[in-house]
Each structure stands twice: as structure tokens, then as C-alpha cells.
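Here's the structure, in C-alpha cells; my notes come after.
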Amino acid sequence: MLRRVAARRPTTVRDVALAAGVSPKTVSNVVNGYAHVRPETRDRVLEHVRALGYRPSAAGRQLRQGRTGMVALAVPGIDMPYFADLSALVVRAAREHGLTVAVEQTEGDVEREREVAAGLPTRFADGLIFSPLEMSADELVALPHTPMVLLGEHAHGVPVDRVSIDSVAVSRTATEHLLAVGRRRVAVVGLKHTLHDTASQRLEGWAAALAAAGLDAVAADPALRRAVHDWTREDGAQAGRALARDRRAGLDVDAVFALNDALALGVLRGLQSEGVRVPEDVAVVGVDDVAESAFSSPGLSTVAIDRGVVAREAVRLLVTRLADPELPPRAVAAPSRLVARGSTGA
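In C-alpha cells form, the structure reads like this:
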């Protein structure tokens, strides 16, 4: 026969106050970390908090402080491998600070980015971690004073907390790797009808690496600058097939720098589908080092951006900004490194 056990009443702030011989307000001040409580009183209250097993309500404390305990993360799309990985890492980092994360997809649409920046879909969030593609630096500077951390290339020159990625240096590293393995006719895949900061900076790094090697004519060849609709595997595969057909028609190309790994993986597949051998005929390199890059055939050479650092630093900057809104803007640079695999003959 089952015995009914009476549920124990949770310890309240009044119970702690009675045991410690202080007012409930003093207990609340101690629990919330206010500095104006005498040390001996604080110690006595904390002793009774532990003895009675008192657990203050996190939700109640957040509401009293005008907080929800939720932050927003706005990225172009969680269907993009880089941002899917980054979103998971931000959620994990936020959890360590007792925060939950609401993820918004902007799909790289400037109007959607403006809505997110204005706080329309994230009005219940305490702050925003934001990776815009299309909003201009001028627009970002003019945003209302909302606790915000910017991610990526847009971070440069904007006076807010930011975790920046030096895409010029990243693309130089990728292109220099292709040159180091003996390639000279390096195509770039990923240009768009409007060059957002990421694309323009990666194009700049590609051209700078070629120029430094005395290959200005290669950088200036329009046949080696390939536009896409979006940075997806499908668009990369279309670009790869087109390059293969042009190569059969006489285009001199022996390497491809794709502006992200999704494009690069598509290019690799598109070239192979047209009978082009990778890396024997055409070498391929990307940017991001998404998980799939290590498992393609051949493995994709890429420049890895440390997403763990991006996530942890973004959350840290936002948490400290929420704690002290008067801090000056801070900047953290995300490290990157070359990962050489089979697509470049490594």
C-alpha cells in the first residue's frame, strides 16, 4: 500500500529572516548581492540560507531587476552550417550564465535585419547578439541604445561591443595556401549582386594575395570572378559545373577559392560531376571549417574561424554590458587558422 507523503513547504524569505533575526528586506538584499549590508549580518543571513536550504526564485529576481533572463541571437540562417554551429555554441555559453537564447533568422534580408535591430521580434530579450549581412555601418551606428554585441565584419568601426573576424586576412590565408601548392589561376566563387562586408572583404583578400604574388592579371580576369545567388551548396555546385564547362571550352583555371565552406563543398561536387579531378585538375579551398568539411571526398581544405571563441566572447561581452551599461565599447578578434586537407593535395 502506497503511503501518501506530505509535500514539504518550500523555505521562504520570511523563514530565513525569522531565523536570522533580520527583516525580509535584508535577506533580499543579501541574496541579490547588494553591497550596503554589514559583513556580520551578511554572514549570519547566508548561514541560515544554507541551513534552511532557501532557494530564491530566479524568475522573481530577474523580474525585480527588470530582466527576463533571455537574450536574442540574430543570424542570417540556422540552415547555414556555420551559423547552425555558432547558434548551438551561443546557447551553450549563455546557459553557463543562466541565460536562455531566442534565435531569429534574418535570411540576409535588410528589412528583416532592421526589424531585429529595432527590437520588434526580440522585445522581451535583455540584449542582442547580432550578425547582420546587409545593414550598413551608418545604420548600425544610429541604432537605439540597446545592449548589443555585433559579430563579423560589420563589427569594424562601429562603436558597440563586437567580436570581429578579419575576413581580408582569412581570404589571404586561403589564397596564399593555393599559391603555395603551385596554383596560379585561382578563381573566386561567391560574389553577389550587392557585395556585403563579408563578400567584399574576402574578395579584397583574394585579390591582395594574387597581387603580392605578381598575379594582378589573374585578379583582374572577370572570367575568374564567379557570382552566385546565395552562399549555399546548391549555388556552389552550379558554379562548379559552370567552371568545369568553361574549362573544357578553354578557360585556364587550376584552383577555386570559395567564400565559405558551403559554397566550397558545392563547387567540389559540381566539378567532380563534370569529370574534373580535385585536386589533380583543380584545387578547392573554403572558409569556416564546418563539420562536413572533414568528411567530404576529398576532405575540404579551409580556413577555420574559432566559433567557440566567437560564441563565448559574444556572451561574455553581453553579460558584462548588462551588468554595467556604462562600460566603453570593447572589441575581441576571433582567431583563425589554415586546415589543409585533400582538396588542395594535403
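Going by full-length UniProt numbering, the sequence shown opens with residue 1, and the numbers climb by one from there.
No residue lacks a Cβ here, since even glycine has one placed at the ideal position from N, Cα and C.
Please read all numbers here as calculations on a predicted model, not as lab measurements.
Taking the beta carbon of residue i as the centre, do at least 16 other beta carbons fall within 10 Å, making it buried, or is it exposed?
i, result
"Ala-125", "buried"
"Leu-271", "buried"
"Val-141", "exposed"
"Arg-112", "buried"
"Thr-12", "exposed"
"Leu-327", "exposed"
"Asp-289", "buried"
"Ala-219", "buried"
"Ala-334", "buried"
"Glu-313", "buried"
"Thr-100", "exposed"
"Arg-172", "buried"
"Ala-93", "buried"
Can you give me the C-alpha to C-alpha distance between residue i and residue j, rounded to a whole angstrom?
i, j, result
"Leu-263", "Ala-323", "40 angstroms"
"Val-149", "Ala-137", "14 angstroms"
"Val-91", "Ala-72", "10 angstroms"
"Leu-338", "Val-37", "53 angstroms"
"Val-116", "Ala-74", "7 angstroms"
"Arg-42", "Arg-55", "16 angstroms"
"Val-30", "Val-22", "11 angstroms"
"Val-153", "Ala-19", "The sequence shown places Glu at residue 153, rather than the Val named in the question. Between Glu-153 and Ala-19, the C-alpha separation is close to 56 angstroms."
"Pro-76", "Pro-132", "7 angstroms"
"Gly-98", "Ala-88", "15 angstroms"
"Asp-221", "Met-80", "30 angstroms"
"Ala-227", "Val-285", "17 angstroms"
"Ser-164", "Val-158", "11 angstroms"
"Ser-336", "Ala-244", "30 angstroms"
"Phe-257", "Gly-240", "11 angstroms"
"Ala-6", "Ser-28", "Note that Ala-6 scores 44 on pLDDT, short of 50, meaning its location in the model is unreliable; the coordinates nonetheless yield the value given after this. Approximately 28 angstroms, taken between the alpha carbons."
"Asp-166", "Glu-40", "51 angstroms"
"Pro-147", "Thr-68", "14 angstroms"
"Met-135", "Arg-114", "7 angstroms"
"Pro-329", "Glu-139", "17 angstroms"
Report the three-state DSSP secondary structure of residue i (helix, strand or coil).
i, result
"Val-256", "strand"
"Met-1", "Residue placement at Met-1 cannot be trusted, given a pLDDT of 41 that sits under 50; what the coordinates show is reported in the next sentence. Looking at Met-1 - three-state DSSP - the assignment turns out to be coil, as it is neither helix nor strand."
"Ala-334", "coil"
"Gly-286", "strand"
"Gly-308", "helix"
"Asp-161", "strand"
"Leu-318", "helix"
"Ala-72", "strand"
"Gly-190", "strand"
"Leu-150", "strand"
"Ala-6", "With a pLDDT of only 44 at Ala-6, under the threshold of 50, the placement of this residue in the model should not be trusted; the figure read from the coordinates follows. In this structure, Ala-6 counts as coil in the three-state DSSP scheme."
"Thr-302", "strand"
"Val-228", "coil"
"Leu-263", "helix"
"Pro-279", "coil"
"Leu-128", "strand"
"Val-13", "helix"
"Val-339", "strand"
"Leu-46", "helix"
"Glu-236", "In the sequence under discussion, the amino acid at residue 236 is Gly, which differs from the Glu named in the question. It is helical."
Legend entry - At least three beta-carbon pairs within less than 8 angstroms, the stretch 200-211 to the stretch 171-184: yes
Inset, instruction - Would you check if there are 3 or more beta carbon pairs closer than 8 angstroms linking the stretch 296-310 to the stretch 97-115? - result: In the pairwise beta carbon analysis, the stretch 296-310 is classified as not touching the stretch 97-115: fewer than three pairs are separated by under 8 angstroms.
Inset, instruction - Quick one: which unbroken alpha helix (DSSP H) runs of 4-plus residues sit fully inside the stretch 78-115? Chain order, please. - result: 81-95
Legend entry - Any 3 or more C-beta pairs closer than 8 angstroms across the stretch 316-335 and the stretch 287-295: These segments do not touch.
Legend entry - Meets three-Cβ-pair contact criterion under 8 angstroms: the stretch 302-317 and the stretch 266-283: Contact annotation: the stretch 302-317 does not touch the stretch 266-283, with fewer than three C-beta pairs closer than 8 angstroms.
Inset, instruction - Counting only runs of 4+ residues fully inside the stretch 192-226, write out the alpha helix (DSSP H) ranges in chain order. - result: The qualifying runs are 197-212 and 216-220.
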